[in-house]
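Colleague: Here it is: the structure, laid out below.
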Amino acid sequence: MYLSSMNGSESTALMGKTALVTGAGSGIGRASALALAASGAKVIAVDRDEQTLKELQADCGADIIVADLTTPEKYFPDDLKIDILINNAGIQHVSPVEQFPMEKVDLMLALMLRTPFYLIQKSLPYMYRNKWGRIIGISSVHGHVASPFKSVYVAVKHGMEGLHKTVSLEAGANGVTANTIAPAFVRTNLMEKQIASQAELNHISKERVLDEIMLAPVAIKRLIEPNEIAAMVLYLCGPNSNSITGSSFSIDNGWTAK
Ligand SMILES: NC(=O)c1ccc[n+]([C@@H]2O[C@H](COP(=O)([O-])OP(=O)(O)OC[C@H]3O[C@@H](n4cnc5c(N)ncnc54)[C@H](O)[C@@H]3O)[C@@H](O)[C@H]2O)c1
């Protein structure tokens, strides 16, 4: 699908580059891994779900690492030799602050903030040696604005924005860029699970959650498709990306326009 939608130069643009994608088994991570592979990159796909990783491997020839990304020390060397890092793996948990389980707080901080930091720290030396690197955090519209019951998610996504901005300043002189992509609701498993949680919390049907909660803040009333996020990932790694750093790219149906 990606190959057929690209011209010849784009399909080899990332030849010789190695890209590590976290949470590559599903949704945005899977779409990004497929797009990077179709552009010629060697993809290292990481996820805790072995089955979905094997499917991805069959689809695009990615190397796979089955890993619990809350403890990256167990799986990755100190000198991580990758050119492109996509910090994507994430989960959502919706709950009022006073009922938010502390073990979920720790899990979300580890997976979505500590691990991205860890992977950045371990991959920067190799990128600096090569004077080229691309670091992309899949943040969220919730890296820019808050919503009730998403305190920890909002906190980690704001943190992810700050992390990638800081890295952009430290890494710029070495040819390494760091940016985030901040989507509103994307049609993935994560979003499907949220519909059920929001229905329970707000005492409304799943059907009403989409219209009355999820699509209420946006100008364009549609869900975003994972390959639309992957297209931005590709752009930020591609031949016209040398001066793009420290930025956060909203793909949010106009959520943050007001
Ligand atoms: N779907 C949306 O509406 C949306 C919107 C904005 C941002 N995002 C962000 O996009 C990223 C990807 O989300 P998605 O919607 O594609 O979700 P998804 O549930 O489809 O995919 C997430 C992947 O991460 C993996 N994962 C989760 N915890 C893990 C762990 N501990 N170790 C290893 N792998 C783990 C899962 O197995 C899964 O394959 C997340 O960071 C999410 O916050 C999603």
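Sequential numbering of the sequence shown, starting at 395, is according to my numbering. Yeah, the Cβ is synthetic: ideal placement off N, Cα and C, and Gly gets one too. Since the structure is predicted, the reported quantities are computational estimates derived from the model, not experimental observations.
Residues in the same chain with beta-carbon distance under 7 Å from Gly402, minus the five sequence neighbours each way, listed in chain order, please.
Modeller: Note that Gly402 has pLDDT 42, beneath the 50 cutoff, so the model's placement of it is unreliable and no number is given.
Colleague: Buried or exposed for Ala540, going by 16 or more other Cβ atoms inside 10 Å?
Modeller: exposed
Colleague: I need the straight-line Cα distance from Gln592 to Tyr520, nearest angstrom please.
Modeller: Each residue's Cα considered, the two are about 43 Å apart.
Colleague: Give me the Cα-Cα distance between Lys411 and Ser545, rounded to the nearest whole angstrom.
Modeller: 37 Å
Colleague: Looking at the structure shown, is Leu397 part of a helix, part of a strand, or coil, going by DSSP?
Modeller: With a pLDDT of 42 at Leu397, under the threshold of 50, the predicted position of this residue should be treated as unreliable, though the coordinate-derived value follows. Residue state, collapsed to three classes: coil.
Colleague: Round the Cβ separation of Leu414 and Ile514 to the nearest angstrom and send it over; I've been treating them as touching at under 8 Å.
Modeller: Between Ile514 and Leu414 the Cβ distance is about 11 Å, and since that is not below 8 Å, they are no contact.
Colleague: Where His597 and Ala407 are concerned, what is the direct C-alpha to C-alpha distance, given to the nearest angstrom?
Modeller: 49 Å
Colleague: Hey, would you say Ala431 sits closer than 7 Å to Val437, going by beta carbons?
Modeller: yes
Colleague: Can you name, in chain order, every residue of its own chain whose Cβ lies under 6 Å from the Cβ of Ile458, other than the five neighbours on each side?
Modeller: Excluding its 5 nearest sequence neighbours in each direction, Ile458 has C-beta neighbours in its own chain below 6 Å: Ala439, Leu447, Gln451, listed in chain order.
Colleague: Please report the distance separating the alpha-carbon of Met400 from that of Glu497.
Modeller: Interpretation of Met400 is limited by its pLDDT of 42, a score under 50 that renders its predicted location unreliable; the figure taken from the coordinates is listed afterwards. Taking the straight line joining both Cα atoms gives about 44 Å.
Colleague: Can you confirm whether the stretch 520-533 touches the stretch 604-621 when touching is taken to mean that 3 or more C-beta pairs between the two stretches lie within less than 8 Å?
Modeller: no
Colleague: Among the residues of its own chain, which have a CB less than 8 Å from the CB of Val499, if the five just before and after it don't count?
Modeller: Val546
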